[in-house]
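All remarks here apply to the structure that follows.
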Amino acid sequence: MSLTDVEKAAVATPPRTHKETWSRAALALTAVGWGANQFAPMVLLYRERMGVSASAAEAIFGLYAAGLVPGLLIAGPLSDRVGRRPVVAFAVLLSMISGVVLMLGSHGLGWLSTGRVLMGIASGAAFSAGSAWVKELSATNAVAGAGARRASIAMTAGFGIGPLIAGVLVQWGPAAYEVPYIPQLILAAAALFLLAGTPETVQRWPSGILGGGLLRLRGFSDRRFVGVVLPMAPWVFGAATIAMVYLPGLSASHVKGISLVFAGTAAMVTAMSGVAIQPFARRVAASPAGQDRARPRLLTLGLALVTVGTLAEAGVAALNSLGAWQAVLTLVVAVVMGFGYGILLVFGLAEVQRLAPPEDLAGMTAVFQAFTYLGFAAPYLLSALKNVASPSTLLLAVAALGVLTIAVTVRNARVTAKQS
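Below, the structure is given as structure tokens:
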């Protein structure tokens, strides 16, 4: 649906952005990311103190994706029409509601399941519209690519700090089922307050909000997006969640006195490693070698790190007689997996921003992120297959799949580079 000249004139021009305002939108991403990942150490709590099975607990962890995918696919295009601010504000508020619901988790798995789905919806809305918003607020005062870097760092900071604080509170604080969720509620309330003064960056459509292809999936006509970006996307959070949730579960018996803090630390190490590697990834992406579309070095490096990390953890799991050293090695593997996760996230977001027309930026970002969050199913699938094969064998299979993904995506990158 197109606007008439009169309607275009009636649409307010977005205010001029200032260098500080992107940080307000970024804080919203951090708050929602905190809420999304603070559940990681809680998985062990529910297993150890409520008797929830590993596969059930990790399935609840993965239910997040059930809300996140539709949240991403709807909220991104919606924000292209109604504006970034209302969508992101809704997401932050919903993350707070989710936290309250999760505080009731000790009363039954239904509360946990509902809370995780609500958090998924909130995350989908925040990460699609919010990432685009940070990029747009950064456009007038930063070098190319800074918006993607800022958005990914903001999300990942929440992913890392949230589980660490939750792990400490659940291990040593009072009211272990409720108190770990309180810091995110405070942070989200502050973010919600600051959003009111954050400039809007898109022109609102005065009519037709629910028409004109709002639910159209963006980017599937682009061969590079389909052949290179989407196949690697599940590895972004597949790598992260394996390191954050599945691997700590394998080592928890070796650190019984501090297992919950260990789980939170593993999640934090993974996420912060992802943040730490991103300046390097950005420099590579901006270099002449990084601009070579036929040889996507960031993609290859990121997938190689994930594959190597998985192989290393398969070896650690096969030994299973290292005592506390197994937990230490798991944290080392978490660093490697975190590096892979961070590099792949930078590559994916930068590639989407290079490929997407301005009017489809949030929509294509939503599709990319929806595919990344398919990786949240990885811990559940690995736990569900525990009666089929040993953890080390399953991890070897994951590594083999990583090698296959490298081969397929590198080939597709070479083909699409020749066609462009």
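Using my numbering, you'd call the opening residue of the sequence shown number 40 and step up by one each time. Don't be surprised by glycine CBs; every beta carbon is placed ideally from N, CA and C.
For this session: Give the secondary structure of N426 by DSSP, where H, G and I count as helix, E and B as strand, and everything else as coil.
Result: coil
Exercise. Can you check whether the CB of V156 is closer than 8 angstroms to the CB of G212?
Worked result: no
Problem set entry | Delimiting residues of the alpha helix (DSSP H) encompassing I192 | A185 to W211
For this session: Can you have a look at F259 and say buried or exposed, based on whether 16 or more other CB atoms are within 10 angstroms of its CB?
Result: exposed
For this session: Please go through the same chain and pick out, in chain order, the residues whose beta-carbon is closer than 7 angstroms to the beta-carbon of V108, but skip the five residues on each side of it.
Result: G163, A409 and Y412
Exercise. Taking C-alpha atoms, which residue in V372, L286 and G72 lies nearest to Q223?
Worked result: G72
For this session: Select from T432, Q392, A343 and G402 the residue whose C-alpha is nearest the C-alpha of R120.
Result: G402
Problem set entry | Three-state class that DSSP yields for D261 in the structure shown | Reduced to three states, the DSSP call for D261 is coil.
Problem set entry | Entirely enclosed alpha helix (DSSP H) segments - the segment 142-179, minimum 4 residues | 148-177
Exercise. When you compare each of G169, V267, P273 and E97 to G288 by their alpha carbons, which one comes out closest?
Worked result: E97
Exercise. Can you name, in chain order, every residue of its own chain whose Cβ lies under 8 angstroms from the Cβ of V294, other than the five neighbours on each side?
Worked result: F301, A363 and A366
Problem set entry | P80 versus F264: straight-line alpha-carbon distance, rounded | So the alpha carbons of these two residues sit roughly 34 angstroms apart.
Exercise. From M40 to E239, what does the alpha carbon distance come to, in whole angstroms?
Worked result: Any reading at M40 must be qualified, since the residue scores a pLDDT of 34, below 50, and its modelled position is unreliable; no value is offered.
Exercise. Roughly how far, in whole angstroms, is the beta-carbon of A161 from the beta-carbon of S145, given that I think they are within contact range, below 8 angstroms?
Worked result: Going by Cβ atoms, the distance from A161 to S145 rounds to 22 angstroms, so no, they are not a contact pair.
Exercise. In the structure shown, what three-state DSSP assignment does S431 receive?
Worked result: Helix.
For this session: Would you give the residue range spanned by the alpha helix (DSSP H) that F415 belongs to?
Result: Per DSSP, F415 belongs to no alpha helix (DSSP H) and is neither H nor E.
Exercise. Going along the chain, which unbroken runs of the alpha helix (DSSP H) with 4 or more residues stay wholly within the segment 83-127?
Worked result: Here the runs fully enclosed are 93-121.
Problem set entry | V241 in three-state terms, based on DSSP | In the structure shown, the three-state DSSP call for V241 is coil.
For this session: Spatial neighbours of R453 within its chain, please: CB distance less than 8 angstroms, with the 5 preceding and 5 following residues excluded, ordered by chain position.
Result: A333 and R334
For this session: Could you pull the start and end residues of the alpha helix (DSSP H) that Y72 belongs to?
Result: The sequence given here has Gly at residue 72, not Tyr. Where G72 is concerned, the enclosing alpha helix (DSSP H) stretches over W61 to N76.
For this session: Compute the Euclidean distance between the alpha carbons of G74 and G354, then round it to the nearest angstrom.
Result: 33 angstroms
Exercise. For A278 versus A305, is the C-beta distance shorter than 8 angstroms?
Worked result: no
Exercise. Nearest CA to the CA of V284: which residue from A95, A64 and W61?
Worked result: A95
For this session: With DSSP as the reference, label R322 as helix, strand or coil.
Result: helix
For this session: Note down the Cα distance separating G169 from L358, rounded to an integer number of angstroms.
Result: 43 angstroms
For this session: Reducing DSSP to helix, strand and coil, say where V308 ends up.
Result: helix
Problem set entry | Beta-carbon proximity check, G348 vs G379, cutoff 8 angstroms | If you check the CB distance, G348 and G379 come in under 8 angstroms.
Exercise. Of the residues F166, P273 and K174, which one's Cα is nearest the Cα of M194?
Worked result: In this structure, F166 is the residue among F166, P273 and K174 with its C-alpha nearest to the C-alpha of M194.
For this session: Check whether the Cβ atoms of F407 and G341 sit closer than 8 angstroms, and answer yes or no.
Result: no
Exercise. Going by other Cβ atoms of all chains shown within 10 Å of its Cβ, with 16 needed for buried, is A395 buried or exposed?
Worked result: buried
Problem set entry | Sub-8 angstroms separation of V275 and V391 beta-carbons | No, Cβ-Cβ distance for V275 and V391 is not below 8 angstroms.
Exercise. Ends of the alpha helix (DSSP H) at A230?
Worked result: I221 to L234
For this session: Express the C-alpha separation of S312 and F319 in angstroms, rounding to a whole number.
Result: Approximately 12 angstroms between the Cα atoms of the pair.
Exercise. Starting from S336 and walking both ways along the alpha helix (DSSP H), at which residues does that stretch end?
Worked result: In the sequence as presented, Ser is not what sits at residue 336; that position holds Arg. Residues R336 to L358.
For this session: Could you tell me the boundaries of the alpha helix (DSSP H) in which E398 lies?
Result: Looking at the DSSP string, E398 is not in any alpha helix (DSSP H), and its letter there is neither H nor E.
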